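See below for the structure under consideration.
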Amino acid sequence: MLKASIKSFIAVLLATSFISFSVSAQSLKKLPETKYSRAEVEMNMRFLASDELQGRRTGEQGNLVAARYLAEQFRFMGIKPAPGQTTYLQPVPFVIQKSAKEGLLIVNNDTLHSGKEFVILGGGPANFSADVVFVGYGQAADYTKDVKGKIVVAQVGTPESKTPQEIFAAANDKRKLATEKGAALLIELFTAQIPWNLASRYFGNEKLSLDNGGSNGVTHVWVNGQQKKYTDLFKSGASSAKFQTTGRDQQNILSYNVVGVIEGTDPVLKNEYIVVSAHFDHVGMGKKGGNTYTPADSIFNGARDNAFGTVAMLTAAKTLSIQPAKRSILLIGYTAEEVGLLGSKYYAEHPLVPLNQCVFNLNSDGAGYSDKTLVSVIGLDRTNCKAEIEAGCKAFGLGVFGDPAPEQGLFDRSDNVSLAAKGIPAPDFAPGFKSFDGEIAKYYHQATDNPDSVDFDYLLKFCQSFAYSARLIANKSVRPYWIAGDKYEPAAKALYGK
57 MLKASIKSFI AVLLATSFIS FSVSAQSLKK LPETKYSRAE VEMNMRFLAS DELQGRRTGE
117 QGNLVAARYL AEQFRFMGIK PAPGQTTYLQ PVPFVIQKSA KEGLLIVNND TLHSGKEFVI
177 LGGGPANFSA DVVFVGYGQA ADYTKDVKGK IVVAQVGTPE SKTPQEIFAA ANDKRKLATE
237 KGAALLIELF TAQIPWNLAS RYFGNEKLSL DNGGSNGVTH VWVNGQQKKY TDLFKSGASS
297 AKFQTTGRDQ QNILSYNVVG VIEGTDPVLK NEYIVVSAHF DHVGMGKKGG NTYTPADSIF
357 NGARDNAFGT VAMLTAAKTL SIQPAKRSIL LIGYTAEEVG LLGSKYYAEH PLVPLNQCVF
417 NLNSDGAGYS DKTLVSVIGL DRTNCKAEIE AGCKAFGLGV FGDPAPEQGL FDRSDNVSLA
477 AKGIPAPDFA PGFKSFDGEI AKYYHQATDN PDSVDFDYLL KFCQSFAYSA RLIANKSVRP
537 YWIAGDKYEP AAKALYGK
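Heads up: the sequence shown runs through residues 57 to 554, numbered per the numbering used here.
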């Protein structure tokens, strides 16, 4: 009798599952995602990655045009600005530091030249001599002596620093501390596992940073500590040094995040927001693009990085505005991802919707694709929304590959990390790849990454999958959360109070 009951139960369960699947398939055909056209994704791609936008570099006209395009798309779709706002554009203040023209650092009998043996990260004109004080890693506990008016020398990064992002973050903290201590100059001995020629070229060129509204602090220099003689010289061989520089000219500019809201349909759940985001900036043109170019093709169009993700975000905006979900949708087009995630970092510190009402972030960013049968989701297994993402992709014939190229630490290298660090579950939805292979390298930050090289049939499936995944998560009965033990779970508990 028990066996018969079990058989009956299983039969009913299977029948119910079949009916549910059939209804879901029929319902799917009625959703806006299935009616979205290849022509529309191609239109958005060809505009955003066009030569006329000149690579959408933050601080330049093409970037402003891209922001305006997103804003007017939102307006046309009937999407509202964020609560309390009258515009879709969130101003993000920046400081552009021009390349240092001249600089000398004279220590004992050695003369170091700016752009060769050292690079100036920030600071104005200077011409002085001062005593040298070595302060370990330049952390608070390392300041055992008075350094007012002196040249402070520190090891780059911290004992725990491993990634470039951690080294750069530590550099900012050190500059702030050295400024507070009254130092005349901060020198870091650059011994990181990054080729000196790459680091010096990147940071010696024009540099964009968030405008903190005040002084940027003490002049800050990286010396090539990979040359042992300079490490030895500054650690133990120099009691004083002379420093001369014309400094780095500065210019204040505005760029813009683009923010819109679609109100949810559920009277309770509409107070929770699913953030749907992508960055729309790229690296510009010519020398500023940072890679090889020719006179015939000097524009880094950024079709894959990240017009691809921006078009996906616009697809979600369109489909979810036609048929809203239970939860509200917060749409964000970020500027300045390519210069250090600065647009998303600014938003995370200046949110237009309280962060504790934002329960999930589905971000779209990627380097390109080498497998058109799937999407790659960085952080797929880190939240309870894996099933919704897999179902959203399966509906349009795509598989899901979780966490490609784990050695690259991709989760913390895109805009999703800015909200993740605040506690918001935030995977990144990327075009299909499993490793950084030749197909990825062929287009990543290259002048060849233009719309004519894009497979628009795949782009359509990708955008439909992204939009439908966002819908399923926004309709999810259980609130999204981090899987227990995730490194961002403590931040979530602090943000949400549970």
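No residue lacks a Cβ here, since even glycine has one placed at the ideal position from N, Cα and C. None of the values given here were measured: they were computed from a predicted structure.
Inset, instruction - For residue 267, collect the residues of the same chain with a Cβ closer than 7 angstroms to its Cβ; drop the 5 residues on either side in sequence, then sort them by chain order. - result: Contacts found: 149, 150, 151, 308.
Inset, instruction - With DSSP as the reference, label residue 304 as helix, strand or coil. - result: DSSP places residue 304 in coil when its eight states are reduced to three.
Inset, instruction - If I'm right that residue 315 touches residue 418 with Cβ under 8 angstroms, what's the distance once you round it to whole angstroms? - result: About 15 angstroms separates the two Cβ atoms, so there is no contact after all.
Inset, instruction - Please report how far the alpha carbon of residue 517 lies from the alpha carbon of residue 444, in whole angstroms. - result: Whole-angstrom Cα-Cα distance: 16 angstroms.
Inset, instruction - Taking 8 angstroms as the threshold, find out whether the segment 171–191 comes into contact with the segment 293–305 through three or more Cβ pairs. - result: Contact check between the segment 171–191 and the segment 293–305: three or more CB pairs, one atom from each, fall below 8 angstroms, which counts as touching.
Inset, instruction - Just the C-alpha distance for residue 523 and residue 554, rounded to the nearest angstrom, thanks. - result: In a straight line, the C-alpha of residue 523 is about 29 angstroms away from that of residue 554.
Inset, instruction - Return the first residue and the last residue of the alpha helix (DSSP H) that residue 88 is part of. - result: Its alpha helix (DSSP H) spans residues 88–91.
Inset, instruction - Please go through the same chain and pick out, in chain order, the residues whose beta-carbon is closer than 7 angstroms to the beta-carbon of residue 498, but skip the five residues on each side of it. - result: Cβ neighbours of residue 498 beyond the five flanking positions: 504.
Inset, instruction - Confirm, please, whether the CB-CB distance from residue 335 to residue 396 is below 8 angstroms. - result: In this structure, the beta-carbon distance from residue 396 to residue 335 does not fall below 8 angstroms.
Legend entry - Every unbroken alpha helix (DSSP H) inside the segment 142–229 [4 residues or more]: With a minimum length of 4 residues, no continuous alpha helix (DSSP H) run stays inside the segment 142–229.
Inset, instruction - Could you check the C-alpha separation between residue 469 and residue 485 for me, to the nearest Å? - result: C-alpha separation (whole angstroms): 13 angstroms.
Inset, instruction - With DSSP as the reference, please indicate the residues paired to residue 341 in a beta bridge. - result: Its beta-bridge partners are 355.
Legend entry - residue 127 and residue 144 closer than 8 angstroms at C-beta: One thing to note: residue 127 has its Cβ within 8 angstroms of the Cβ of residue 144.
Inset, instruction - Find out if the Cβ-Cβ distance for the pair residue 260, residue 155 is shorter than 8 angstroms. - result: With contacts defined as CB atoms closer than 8 angstroms, residue 260 and residue 155 qualify as a contacting pair.
Legend entry - CB contact flag (residue 363, residue 105, <8 angstroms): A distance below 8 angstroms separates the beta carbons of residue 363 and residue 105.
Legend entry - Under 8 angstroms between C-beta atoms of residue 346 and residue 111: Residue 346 places its beta carbon 8 angstroms or farther from that of residue 111.
Inset, instruction - Please say whether residue 436 and residue 415 have beta carbons closer to each other than 8 angstroms? - result: Taking 8 angstroms as the Cβ cut-off, residue 415 and residue 436 do not qualify as a contacting pair.
Inset, instruction - Under 8 angstroms by Cβ, that's how I've got residue 389 and residue 313 pegged, so tell me the actual separation to the nearest angstrom. - result: Between residue 313 and residue 389 the Cβ distance is about 7 angstroms, and since that is below 8 angstroms, they are a contact.
Legend entry - Check whether residue 330 and residue 439 have beta carbons under 8 angstroms apart: The criterion of a C-beta distance shorter than 8 angstroms is not satisfied by residue 330 and residue 439.
Legend entry - Residues near residue 159 by beta carbon distance below 6 angstroms, same chain, minus five either side: The residues are 170, 176, 301.
Legend entry - Rounded straight-line distance, which links the Cα of residue 527 to that of residue 378: Separation of residue 378 and residue 527 (C-alpha to C-alpha, rounded to the nearest whole angstrom) is 12 angstroms.
Inset, instruction - Could you check what DSSP says for residue 541 in three-state terms: helix, strand or coil? - result: Assignment of residue 541 by DSSP, reduced to helix, strand and coil, places it in the coil class.
Legend entry - CA nearest to the CA of residue 280, picked from 118, 179, 254, 231: Closest option to residue 280, Cα to Cα, is 254.
Legend entry - residue 414, enclosing beta strand (DSSP E) - first and last residue: Boundaries of the beta strand (DSSP E) around residue 414: 414–419.
Legend entry - Collapsed DSSP secondary structure at residue 473 in the structure displayed: In the structure shown, residue 473 sits in a helix (DSSP, three-state: H, G or I).
Legend entry - DSSP bridge partner residues for residue 536 (one or two, in chain order): DSSP lists no partner for residue 536.
Legend entry - Bridge partners - residue 389, DSSP secondary structure assignment: Residue 389 pairs with 314, 334.
Legend entry - Exposed unless 16 or more other CB atoms sit within 10 angstroms - verdict on residue 557: No answer is possible for residue 557: the residues shown for the chain start at 57 and end at 554.
Inset, instruction - State the beta-bridge partners of residue 296 as determined by DSSP. - result: The partner list for residue 296 (beta bridge, DSSP) reads 187.
Legend entry - Cβ-based burial, residue 276 [other Cβ within 10 Å; buried from 16]: When all chains shown are included, residue 276 counts as buried.
Inset, instruction - Have a look at the DSSP bridge pairing and note the partners of residue 487. - result: In the DSSP output, where bridge partners are listed per residue, residue 487 has 431.
Inset, instruction - Would you verify that the beta carbon of residue 499 is, or is not, closer than 8 angstroms to some beta carbon of chain C? - result: Of the chains in the structure shown, none is chain C; there is only one protein chain.
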